[in-house]
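Trainee:
Residue numbers (the working numbering): 3 to 285.
1) Assuming contact is defined by CB atoms lying nearer than 9 angstroms, are residue 282 and residue 229 in contact in what I supplied?
2) Have a look at residue 157 and residue 219 and give me their C-alpha separation to the nearest angstrom.
3) Identify, in the order they occur along the chain, each residue of the same chain with its Cβ nearer than 8 angstroms to the Cβ of residue 146, setting aside the five sequence neighbours on each side.
4) Taking the CB atoms as reference points, tell me whether residue 45 and residue 90 lie closer together than 9 angstroms.
5) I'd like the span of the alpha helix (DSSP H) that includes residue 121, first residue to last.
6) Assuming the contact rule is C-beta atoms closer than 8 angstroms, residue 225 and residue 239 should be a hit. Round their C-beta distance to whole Å, please.
7) Could you please give the first and the last residue of the uninterrupted alpha helix (DSSP H) stretch that includes residue 202?
8) Can you say whether residue 38 is buried or exposed, counting buried as having 16 or more other CB atoms within 10 angstroms of its CB?
9) From residue 251 to residue 84, what does the alpha carbon distance come to, in whole angstroms?
10) Report the residue from 17, 29, 21 whose alpha carbon sits nearest the alpha carbon of residue 273.
11) With distances taken from CA atoms, which of 88, 121, 95, 253 is nearest residue 198?
12) If we count the other Cβ atoms within 10 Å of its Cβ and call it buried at 16 or more, is residue 87 buried or exposed?
13) For residue 32, write down the residues that DSSP places opposite it in a beta bridge.
14) In the DSSP assignment, what residue or residues form a beta bridge with residue 215?
15) In the DSSP assignment, what are the bridge partners of residue 144?
16) Specify whether the segment 14 to 32 and the segment 74 to 84 touch according to this definition: at least 3 beta carbon pairs, one from each stretch, less than 8 angstroms apart.
17) Distance check for residue 235 and residue 227, CA to CA, integer angstroms please.
18) Kindly list the residues whose CB is nearer than 8 angstroms to the CB of residue 135, restricted to its own chain and excluding five residues on each side of it in sequence; keep chain order.
19) Give the DSSP-derived three-state secondary structure of residue 24 in the structure shown.
20) Would you kindly work out how many angstroms separate the C-alpha atoms of residue 211 and residue 201, rounded to a whole number?
21) Report the rounded CA-to-CA distance for residue 196 versus residue 232, giving the unit in angstroms.
22) If you draw a straight line from the C-alpha of residue 215 to the C-alpha of residue 259, how long is it?
23) Take the Cβ of residue 74 as the centre, count every other Cβ of all protein chains shown within 10 Å, and call the residue buried at 16 or more, exposed below.
24) Distance check for residue 17 and residue 48, CA to CA, integer angstroms please.
25) Give, in chain order, every unbroken run of the alpha helix (DSSP H) that is at least 4 residues long and sits entirely within the segment 212 to 256.
26) Taking residue 186 as the reference, give the member of 151, 52, 278 with the closest Cα.
27) In the DSSP output, which residue or residues are listed as bridge partners for residue 70?
28) Alpha carbon to alpha carbon, what distance is there between residue 191 and residue 180?
29) Taking buried to mean at least 16 other C-beta atoms within 10 Å of its own C-beta, is residue 58 buried or exposed?
30) Residue 259 lies in the alpha helix (DSSP H); which residues open and close that run?
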């Protein structure tokens, strides 16, 4: 089977090299991080020295294919012009910041239509992305995260994801799956057959070439709930058998896989990653 690249959501507040050390401490060979304050807009400055040390350590330790996460306050599908401009600013700045230290991916929530309907939200999302990507932003890819369909979210169906990819038509735009969101949106991931069906639909509708990363989370809520509530691996509605099926699917295990399970301290990701490796048959 394909070698597993797995990690967890870690902080870069004490520097990118510290995040690599933390990743190794919990048995990870990749990690995710918030690009700036997840509930605001403040961003820590990353110096060229820090970026250089990160690039060197990444090569030395093979901790790579990192997945930055834009703050929750970014809503590229929002109707308020100030909200849209904030989204453009953060997308542009964080693409350039990640590119400067060699960050491979940045994922973001497609946003909320805020009551205007999915098509209006998708129109605004597409316009925002075209505006951001019309100028060079480096090699870092933007990844649309698949959503649960909670409230007025857009990006909760493969058809909507395909529409955005087709209309923006830029090789720097891809997809990040989220197992909890997929399950909440109605994809039954509790068996190998259910996982294979989801991957087949993804291939037919979106195209697997666009899918570059995955968030691995169990779900507190039942299938099709449209509620985004993460749970520790094997302790939710997807269960151990479902997590095993996800991790043993040849396509999904080829992606960089990042845990966003609820923990009180980042060190708790060590046992979570150990469970994932066990279920994946990777030691």
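Positions of the beta carbon are idealized from the N, C-alpha and C atoms, including for glycine.
Mentor: Put simply:
1) In terms of Cβ geometry, residue 282 and residue 229 do not form a close pair [threshold 9 angstroms].
2) When rounded, the distance between both Cα atoms is 18 angstroms.
3) So the qualifying residues of the chain are 109, 110, 112, 157, 163, 166, 167, 175, 176, 177, 178.
4) No.
5) That run of the alpha helix (DSSP H) goes 120 to 135.
6) About 7 angstroms separates the beta carbon of residue 225 from that of residue 239, a gap short enough to meet the 8 angstroms contact definition.
7) Segment 194 to 207, the alpha helix (DSSP H) holding residue 202.
8) Label assigned to residue 38: buried.
9) Spanning the alpha carbons of residue 251 and residue 84 requires a straight line of approximately 42 angstroms.
10) Comparing Cα positions, the closest option is 29.
11) It is 253.
12) Residue 87 is exposed by the Cβ-count criterion.
13) Its beta-bridge partners are 9.
14) Paired residues: 178.
15) Residue 144 is bridged to 108, 175.
16) With fewer than three CB-CB distances shorter than 8 angstroms, the segment 14 to 32 does not count as touching the segment 74 to 84.
17) Near 18 angstroms, if we compare the C-alpha coordinates of residue 235 and residue 227.
18) Answer for residue 135: 144, 170, 172, 174, 175, listed in chain order.
19) Helix, per DSSP.
20) Here the alpha carbons of residue 201 and residue 211 stand approximately 12 angstroms from one another.
21) Answer to the nearest angstrom: the Cα atoms are 20 angstroms apart.
22) When rounded, the distance between both Cα atoms is 6 angstroms.
23) Flag for residue 74 reads exposed.
24) Straight across, the Cα-Cα distance linking residue 48 with residue 17 is about 8 angstroms.
25) Correct list: 241 to 249.
26) If we check each option's Cα against that of residue 186, 151 comes out closest.
27) Residue 70 is bridged to 35, 108.
28) Roughly 11 angstroms separates the two Cα atoms.
29) Residue 58 is exposed by the Cβ-count criterion.
30) For residue 259, there is no enclosing alpha helix (DSSP H); the residue is found in the beta strand (DSSP E) stretching over 258 to 261.
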